[in-house]
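Engineer:
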Amino acid sequence: MTDLPIGAARSGFVLNRREYLAELDSTVLLFTHERLGTPVLAIKNSDPNKTFCAAFQTLPEDSTGVAHILEHSVLMGSKKYPVKDVFGEIHKGGLMTFLNAMTGSDITFYPFATRNLQEYFNIMDIYCDVVFHPLLLPTTFEQEGWHYHKEDPDQPLSFQGVVFNEMKGAFSDPIRALFHHTFGGLMPGSTYAHESGGDPRNIPDLTFEQFVDFHRRFYHPSNAMLFFYGDADLEAELAFVQDRFLADFEAPAEKSRINPGEIITRPVLIEDTYGVQKGSETAGKTFLAVGSTVGTVLDRELNTAFQIIAQILYNSDASPLKKAIVEAGLGKDFGGLFLDHSSFTTVMMTYLIGSEADRLDRFREVYRQTLGRMATEGLDHDLVLSELNKFEFSVREDMTKAQRGLDLISKALPALMHGADPFASLCSEELFKVIRDKALGERYFEQLISAYLLDNPSTVEIILAPDPDKQARLAHEEQQRLTDYENSLDPAEREQLVNRTRELIELQNKPVDAETLNLLPRLKVRDLDPRPPYHQVQVGDLAGRQLLVSELPTNGIIYMDFGLDCAMLPARLLPCLDLFGTIVTEIGTDTKDYMQFARELGMYTGGFSNSFNTYTRLGDTGEGCRPMAWFHLKALSPFLERALSLAGEVFSGVSFGDRRRIKEIVLREFAWAEHSVQSEGYSLAASRVFAHLSQAGRYNEYVNGATSYLRLKELAGDYDRLEEDFLRDLAEIRDLLFRREALLLSVTGSEADIGTFQQKGVALTDSFAAGPVSAESPEFPPFAPHQGLCTSAEVVYNVQGCRLFTDPSQYNGHFEVLKTWISRDYLWNTVRQMGGAYGCFVQFNHLTGNFGLVSYRDPHIHRTYAAYDDLPRQIRELDPAPEVLEQLILGTYGSLDPLLAPAAKGATGRNDFLSGISVEFKQERVEQALATTAADLRRFATLFDSLARNGFRATIGNADKIRAARELFSELVEL
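Plus 25 on top of the position in the sequence shown (first one is 1) and you've got our numbering.
1) Between the stretch 196-214 and the stretch 251-260, do three or more beta carbon pairs fall short of 8 Å?
2) Hey, how far is the Cα of S802 from the Cα of T401?
3) Would you call N823 buried or exposed, if buried means 16 or more other Cβ atoms sit within 10 Å of its Cβ?
4) Looking only at DSSP bridge pairs, what is G864 linked to?
5) Could you tell me whether the stretch 159-177 touches the stretch 90-103, using the rule of 3 or more Cβ pairs below 8 Å?
6) Are the stretch 608-624 and the stretch 703-715 touching by the rule of at least three beta carbon pairs closer than 8 Å?
7) According to DSSP, is T1073 helix, strand or coil?
8) Just to confirm, are L968 and L829 a CB contact at a threshold of 8 Å?
9) Out of V459, L665 and F840, which has the shortest C-alpha to C-alpha gap to I582?
10) K458 lies in the alpha helix (DSSP H); which residues open and close that run?
11) How many Å lie between K117 and G223 at the Cα?
12) For A47, tell me which candidate among D922, L594 and L451 has the shortest Cα-Cα distance.
13) For K69, report the span of its beta strand (DSSP E) as first-last.
14) Please specify which runs of the beta strand (DSSP E), each continuous and at least 3 residues long, are wholly inside the stretch 711-776, giving them in chain order.
15) Looking at the structure shown, is P136 part of a helix, part of a strand, or coil, going by DSSP?
16) Between the Cα of P578 and those of T290, V772, D131 and F448, spot the shortest distance and give me the residue it belongs to.
17) Which residues does DSSP list as the beta-bridge partners of T298?
18) Can you tell which of R642, I283, N635 and F208 has its C-alpha closest to the C-alpha of W655?
19) When the Cβ atoms of the stretch 922-931 are set against those of the stretch 530-548, are three or more pairs found closer than 8 Å?
20) Mind listing, in chain order, the continuous beta strand (DSSP E) runs of no fewer than 3 residues lying wholly within the stretch 784-828?
21) Does DSSP classify S317 as helix, strand or coil?
22) Mind reading off the beta-carbon distance from A966 to I900? Whole number of angstroms is fine, and I expect it under 8 Å.
23) Would you call P225 buried or exposed, if buried means 16 or more other Cβ atoms sit within 10 Å of its Cβ?
24) Name the one or two DSSP bridge partners that Q82 has.
25) Measuring alpha carbon to alpha carbon, tell me which of P884, E819, G813 and H240 ends up nearest R988.
26) Count the other CB atoms, across all protein chains shown, that sit within 10 Å of the CB of L544; report buried if there are 16 or more and exposed otherwise.
27) On the DSSP letters alone, give me the boundaries of the beta strand (DSSP E) that G1007 sits inside.
28) Applying the 10 Å Cβ sphere with the 16-neighbour rule, what's the burial state of R498?
29) Measuring straight from C-alpha to C-alpha, what distance separates S662 and Y45?
30) Going by beta carbon distance, what residues of the same chain come within less than 6 Å of C601, once the five residues before and after it are set aside?
31) Would you identify the three-state DSSP class for V322, choosing helix, strand or coil?
32) For A34, which residues does DSSP report across the bridge?
33) Can you grab the Cα-Cα spacing for the pair R570 / M593, in whole Å?
34) Name the residue from Y106, K75 and S247 whose alpha carbon lies nearest to the alpha carbon of T63.
35) Below 8 Å between beta carbons: does that hold for I378 and K357?
36) Just the Cα atoms here: how many angstroms apart are S792 and D566?
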């Protein structure tokens, strides 16, 4: 059907345009529904990962979060599928490689992807039914949006709801406030001045009637866009959506238009605050930001140019602007980004983190003077070339993404919605050539900088200062609102409120009957390949060092990993290891300062980064593990030799002589780490729990956990006094780590590129120091068993864990099915649906036997831990119906056979080899999972007794909530 003539009609759709795009190796077709005007963009190729998306322009008129709440709620049952949690049920069991729904500032979209053709049409049927014919029950609105919650007459009244709690967590992040004020300041009164996700202060203003009316206004097919991607039959796709859904609708609905507001014509200053813990230090914690309007989403060349300009000015370590601002001592980090899809009007935004309010004038002065000088004198040629090459690399790497369909749909969606050319939005080669020629041959970027960043009156400046009283003030305002409401009720209404809460809980507890559940179309276990293929690395040798090879199609990119055994590092150095990796990949060498090094990295590589991992061997019953520091290098084939040369310079000649730059990196890294911990931070709670369970857990805690964070906090807080000791630590890590005998290499790419690497990589191995490597046996002091990690977040993250398997033979594929049930059924129902947490999941390592439960943006502590402690009983009594068990097995199969990009496939093969995991083991595990019975699941119940009896707990988040649950914790730690 890809050769259909223009103007031809199929299933009510008329073909408007068709092109083969060689850049994508895809035929792209644009249709319009004859009667309803619904556009359909089909990207057809041989990719088996079929992707579908239904998208709707959803325009908020306030900050009640109605679009976001509706996104959650339509997935809670529809006319054809009256299942109380459709999304949860299909998420529980299927082969989907992607399944989600997202709300933007003016759009809501529902994408999914699967490699299975039958499942593709099954979920397409479900997704179309829930968006076009949702049930939208009052109880759904209460559960997903908000409700007054009071389970007992003596309990305090509270607001509850999944989105309400999610956004409380989101609003703990000051960066979100910067974005909100940028759009609101530049476009006051516009669609984009509202918080589409919902402001927790405004969410309770939303009524059920407004909620239902929003669906009526915006979820009509004439306000929709449909996307198909992959190798499914296009004629079948068009017929499917027409016959099953669009045929039901008679006429186009009235379309709402984006409210552009009044774009400001002179600079505006906005001052606001964000919450920090009572009594915490506020110095050096102010955010400063500047935002300017640029153009619209229709300006493709301008938008692409400004994506590159943002990297040149704000994010490259070789940027003179970044250097001037950081060296002026105005803040701990300076950065920025170009927002080309967040609103119809595009915006350039830059920010300072770790600053002070009284530095705004000086920031503006340095910013404008340096920017003006760069525009007048011209940008450094090598810096421009470096960022052009990096951009080209990222475009090429995008073509190898596992979810390529979703990526292409995301690029085309804004163009289709705003009336631009969706075909052009999918391609970049020709446009990039034009921009490259202009940028290198003319004063193109300089002219754009002058016009849009220096001489632009449409600019907003933002001061966001820390406020230790803000949390208490907001909590008081919320409590006063609840008190006023409760005082307005008569006794009968108060009783009705309690009864309504109890009815909602009863409904949440009520299982879906088998007859209703069976309405959902499903695959059968018999349809699955019992022995899916897995990638396995080939083991070779390079100059006497082990080389792990993955020959895979990577679109001309070669991925190189240099692993260094960390067993020789004493425990006292481990908290600095990740910071060491960041510094040595940025600081430069004996012959290149950090700016020159950054320019060459951008010119010849796609990135040079570091990570840490531990490896426990399959079947190992001991405490041992292999800790490894990794340095990851990626490059295009023509630049391979130059890329290896740069890495070799680091390994042989990294310099710690630039003390000023090292201090800047330390302060920057702490500023971002502190931001991450205060707004998210669940990984720190998890690392504290797992540190009790194994040597691998203790290594991870010291390198990437709370121990590492607290060391960084101490260092940043008193750097000048600690500098000499820290520099000695860096040098000691370098001398111990960068040893040839500690080196292991891994490479992923084409056969030809791997051959080149084997020739050119010999010189790199010589850049490591010679000499023996001797392993340490680091001693890690124990932590208190149950810890509360206190931050300024509005919500909490609860983690509980234990070493579930002390004997590796206890683990098998049946347990993977149980894990699916715990995560996608038990936790989903008890912690998310009933408890109101935004998310909940399992962290498990079958090699160590370590098992953990994690809640995400959770309003509760006691309630969640009670749900965790009840898990052993739930498993003992677990007796799923045959169709439910089959669903769990299907979901497990999907997780055991994930869709991976070539780079990720190579990394997985490398990690499997180092852990002793064979393809045969993975296939046997799949076969065990497919044969799972209910009795197999219950056999694990006794192992879970240790979770409640001997498990370890850690909660991170809202300090007041943690202190109110003080009896659950052995120790409280202020982060």
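We put the beta carbon where it would ideally sit given N, CA and C, even for glycine.
Structural biologist: Taking the geometry as given:
1) no
2) As a working mapping, residue 802 is identified with position 777 in the sequence shown. As a working mapping, residue 401 is identified with position 376 in the sequence shown. For S802 and T401, the distance between alpha carbons rounds to 59 Å.
3) As a first step, residue 823 must be located in the sequence shown, where it is residue number 798. N823 is buried by the Cβ-count criterion.
4) As a position in the sequence shown, residue 864 is number 839, starting the count at 1. In the DSSP output, where bridge partners are listed per residue, G864 has Y881.
5) yes
6) no
7) In the structure displayed, the chain extends from 26 to 1000; residue 1073 sits before or after that span and is not available.
8) As a first step, residue 968 is located in the sequence shown; it is residue number 943 there, counting from the start. As a first step, residue 829 is located in the sequence shown; it is residue number 804 there, counting from the start. Cβ atoms of L968 and L829: closer than 8 Å.
9) Locating residue 582 in the sequence shown gives position 557, where the first residue counts as 1. Checking every option, the nearest Cα to that of I582 belongs to L665.
10) Working through the sequence shown from its first residue, we reach residue 458 at position 433. Residues E454 to G466.
11) Walking along the sequence shown from the start, residue 117 turns up at place 92. Walking along the sequence shown from the start, residue 223 turns up at place 198. If I take the Cα positions, the gap works out to 28 Å.
12) Here residue 47 corresponds to residue number 22 of the sequence shown, with the count starting at 1. For A47, the nearest C-alpha among the options comes from L451.
13) Along the sequence shown, read from residue 1 onward, the residue named residue 69 stands at position 44. Note, K69: beta strand (DSSP E), P64 to K69.
14) 768-774
15) Your numbering for residue 136 matches position 111 in the sequence shown. Residue state, collapsed to three classes: strand.
16) Residue 578 sits at position 553 when you count from the first residue of the sequence shown. Closest by alpha carbon: V772.
17) Taking the sequence shown and counting its residues from 1, one reaches residue 298 at position 273. Note: T298 sits in a beta bridge opposite A490.
18) Position 630 of the sequence shown holds residue 655. Nearest option by C-alpha distance: N635.
19) no
20) 811-816 and 821-828
21) The residue you call residue 317 lines up with position 292 of the sequence shown. Here S317 sits in strand by DSSP.
22) Locating residue 966 in the sequence shown gives position 941, counting from the first residue. Locating residue 900 in the sequence shown gives position 875, counting from the first residue. Confirmed, Cβ separation roughly 4 Å.
23) Counting from one through the sequence shown, the residue named residue 225 turns up at place 200. Classification for P225: buried.
24) Looking up residue 82 in the sequence shown gives position 57. DSSP output for Q82 lists I132 as bridge partner(s).
25) Start at 1 with the first residue of the sequence shown, and residue 988 comes out as number 963. Nearest option by C-alpha distance: G813.
26) Stepping through the sequence shown from its first residue, residue 544 is reached at position 519. Classification of L544: exposed, given that the 10 Å Cβ count is below 16.
27) Absent from the structure is residue 1007, since the part of the chain shown begins at 26 and ends at 1000.
28) Along the sequence shown, read from residue 1 onward, the residue named residue 498 stands at position 473. Answer is exposed; the Cβ neighbour count stays below 16.
29) If you number the sequence shown from 1, residue 662 lands on position 637. If you number the sequence shown from 1, residue 45 lands on position 20. About 27 Å.
30) The residue labelled residue 601 in the question sits at position 576 within the sequence shown. Counting only Cβ-Cβ distances below 6 Å, and skipping sequence neighbours, we find D754.
31) In the sequence shown, counting from the first residue as 1, residue 322 sits at position 297. The answer is coil: DSSP assigns V322 none of H, G, I, E or B.
32) Start at 1 with the first residue of the sequence shown, and residue 34 comes out as number 9. V39.
33) Taking the sequence shown and counting its residues from 1, one reaches residue 570 at position 545. Taking the sequence shown and counting its residues from 1, one reaches residue 593 at position 568. Rounded to the nearest angstrom, the two C-alpha atoms are 18 Å apart.
34) Residue numbering aside, residue 63 sits at position 38 when the sequence shown is read from its first letter. Measuring from the Cα of T63, the nearest candidate turns out to be S247.
35) Sequence index remark: in the sequence shown, residue 378 carries index 353 (1-based). Sequence index remark: in the sequence shown, residue 357 carries index 332 (1-based). Yes, the Cβ-Cβ distance between I378 and K357 is below 8 Å.
36) Residue numbering aside, residue 792 sits at position 767 when the sequence shown is read from its first letter. Residue numbering aside, residue 566 sits at position 541 when the sequence shown is read from its first letter. Those two C-alpha atoms are separated by around 17 Å.
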